[in-house]
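Enquirer: Sharing a structure here in structure tokens format.
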Ligand code: PMP
Ligand code: GLN
């Protein structure tokens, strides 16, 4: 093997591709395709939050806020979790970050020591592995499969070693739209307690749940309060992905370490946005119910349209995403090939679920984002339906 030790750049980044989200959004921009790939809404965002941010920008400070976040936002996050998830966090246990991505980076950099193993589940969010490796850790991947995406005790036991220190998990899950249920959360909690693991819980989709389901944090499960980092993002709660306001919550000994890492990553987050998010988190319960109902209606519209067009759609209990099962839809292409084809030939961008696996990927599912206006969803369905008809005709004709 060639000696690469003199090449510039850290090995984690040298051969890395640009993220699938950036790639597909770039292709959508180039080709003019409807972008159901990268997860973002096409609406401008809640007007009251936009006004609150504009007002704060003009009339409040634009200088460095406190490193751990505006006191108003730290208090609002704690109060929001008390109201919506029955939790008992104090404002001092909340550290504001520049998005959940920074919270993930800060948590891993602060806590992982060289050689520590971190359990993760695939499909996994693309930032996890490079961040674990850059922090000096080693990822142990537990592979989950459709349609149930179940986590079992045997899978966990098979992945653990004497060096395992952390579980890094996402719930509700991007890209599958799964909400990990009570039974599996209890299993995970027992496992963390039994093996003395700290859980880093990426819960950015906690408010984007459907059919009346209420998110339960792993931190709220008995035994987990002191051994969890709970990560959230205003980008998802308020459908404002460009704001990049997030936070990480943990008991004081962990929170102190997390703040140390945050202070030398971004140090602070724009104060006007923090102020507006603090206002938003205090909205009454029915405000969040209305947001969820609107997102659920978009999910149902896309699912119905695709089903009527002959596509097999997997259920989505949460997030902005649903998956199409290519195999069950009669399409003889893998997910990556299908996504390449539809962006050019159908004018729709999507994300192959295989991009969420480091290896041994599930290759027959494609993720679509449904937080778009009705006419955009309808047009995307019409284009995908026509593409499917052409694909079926060419399979039948060409053998
Ligand atoms: N984790 C998951 C599971 C996500 O889906 C996302 C973004 N969609 C993030 C983290 C990143 O969130 P943010 O934009 O707040 O950094
Ligand atoms: N989390 C978003 C998604 O799943 C993408 C965020 C990003 O592009 N970094 O679509």
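In our numbering, the protein residues as written are 11 to 409.
We put the beta carbon where it would ideally sit given N, CA and C, even for glycine.
Can you determine whether any heavy atom of the ligand PMP sits closer than 7 Å to the C-beta of residue 367, and answer yes or no?
Expert: No.
Enquirer: Excluding the 5 residues flanking residue 215 on each side, which residues of the same chain have their C-beta closer than 7 Å to its C-beta?
Expert: Cβ neighbours of residue 215 beyond the five flanking positions: 182, 184, 246, 328, 329.
Enquirer: Kindly list the residues whose CB is nearer than 8 Å to the CB of residue 398, restricted to its own chain and excluding five residues on each side of it in sequence; keep chain order.
Expert: For residue 398, where only same-chain residues beyond five positions count, the Cβ hits under 8 Å are 319, 320, 321, 339, 340, 341.
Enquirer: Have a look at residue 409 and residue 403 and give me their C-alpha separation to the nearest angstrom.
Expert: A caution first: residue 409 carries a pLDDT of 46, below 50, which makes its placement in the model too unreliable to give a value.
Enquirer: Excluding the 5 residues preceding and the 5 following residue 384 in the sequence, name in chain order all residues of the same chain whose CB lies nearer than 8 Å to its CB.
Expert: Taken in chain order, the residues that qualify are 308, 311.
Enquirer: Specify the secondary structure class of residue 226 as computed by DSSP and reduced to three states.
Expert: Coil.
Enquirer: Looking only at its chain, what residues have a beta carbon closer than 7 Å to the beta carbon of residue 410, apart from the 5 residues adjacent to it on each side?
Expert: Outside the shown range of the chain, which is 11 to 409, sits residue 410, and nothing can be said about it.
Enquirer: Nearest-angstrom Cα distance between residue 98 and residue 288?
Expert: Their backbone Cα atoms lie some 18 Å apart in a straight line.
Enquirer: Does any heavy atom of the ligand GLN sit closer than 7 Å to the C-beta of residue 29?
Expert: Result yes, Cβ under 7 Å from the ligand GLN.
Enquirer: Using a 10 Å radius around the Cβ and a threshold of 16 neighbouring Cβ atoms, would you call residue 234 buried or exposed?
Expert: Label assigned to residue 234: buried.
Enquirer: Quick one: complete beta strand (DSSP E) runs, 3+ long, within the stretch 60-126?
Expert: Listed in chain order, the complete beta strand (DSSP E) runs (minimum 3 residues) inside the stretch 60-126 are 104-107.
Enquirer: Short check: CB of residue 168 to CB of residue 367, under 8 Å?
Expert: In this structure, residue 367 does not lie closer than 8 Å to residue 168 by Cβ.
Enquirer: Along the chain, where does the alpha helix (DSSP H) containing residue 266 start, and where does it finish?
Expert: Element bounds for residue 266: 262-273.
Enquirer: Does residue 61 pass the burial test, meaning 16 or more other C-beta atoms within 10 Å, or should it be called exposed?
Expert: Flag for residue 61 reads exposed.
Enquirer: Note down, in chain order, each residue of its chain lying with its Cβ closer than 7 Å to the Cβ of residue 401, except the 5 sequence neighbours on either side.
Expert: Counting only Cβ-Cβ distances below 7 Å, and skipping sequence neighbours, we find 341.
Enquirer: Please state if the CB of residue 226 and the CB of residue 458 are separated by a distance shorter than 8 Å.
Expert: Shown here, the chain extends from 11 to 409; a query on residue 458 therefore has no answer.
Enquirer: Which residues count as close to the ligand PMP when the rule is a CB under 7 Å from any of its heavy atoms, in chain order?
Expert: Cβ-based neighbours of the ligand PMP within the cut-off: 49, 109, 110, 111, 112, 114, 135, 137, 180, 184, 212, 214, 215, 243, 245, 246, 251, 254, 256.
Enquirer: Residue range of the beta strand (DSSP E) that residue 430 falls in?
Expert: For the chain, the structure presents residues 11 to 409; residue 430 sits outside this window and is missing.
Enquirer: Whether or not the stretch 65-82 and the stretch 290-298 are in contact is what I'm after, with contact meaning three or more pairs of Cβ atoms, one per stretch, closer than 8 Å; do they touch?
Expert: Flag = no, the stretch 290-298 and the stretch 65-82 do not touch.
Enquirer: Taking 8 Å as the cut-off, does the stretch 248-259 touch the stretch 16-34 (at least 3 CB pairs, one atom from each stretch)?
Expert: Result no; under three Cβ-Cβ pairs closer than 8 Å.
Enquirer: For the alpha helix (DSSP H) that residue 203 lies in, which residues bound it at each end?
Expert: Its alpha helix (DSSP H) spans residues 192-204.
Enquirer: Residue 32: beta carbon under 7 Å from a heavy atom of the ligand GLN?
Expert: True, at least one ligand heavy atom lies under 7 Å from that Cβ.
Enquirer: Within the same chain, show all residues whose beta-carbon is closer than 8 Å to that of residue 71, passing over the 5 residues directly before and after it, in chain order.
Expert: 281, listed in sequence order.
Enquirer: Which one of 162, 394, 212, 331 has the shortest CA to CA distance from residue 410?
Expert: The question about residue 410 has no answer, for the chain in this structure spans 11 to 409.
Enquirer: Who pairs with residue 45 in a beta bridge, going by DSSP?
Expert: In the DSSP output, where bridge partners are listed per residue, residue 45 has 359.
Enquirer: Would you mind stating whether residue 199 and residue 231 have Cβ atoms separated by less than 8 Å?
Expert: A contact, by the Cβ cut-off of 8 Å.
Enquirer: Could you pull the start and end residues of the alpha helix (DSSP H) that residue 144 belongs to?
Expert: 138-144 is the extent of the alpha helix (DSSP H) around residue 144.
Enquirer: Along the chain, where does the alpha helix (DSSP H) containing residue 292 start, and where does it finish?
Expert: Note, residue 292: premise wrong, no alpha helix (DSSP H); not H, not E.
Enquirer: In the structure shown, what three-state DSSP assignment does residue 246 receive?
Expert: Helix.
Enquirer: According to DSSP, is residue 256 helix, strand or coil?
Expert: Three-state result, residue 256: strand.
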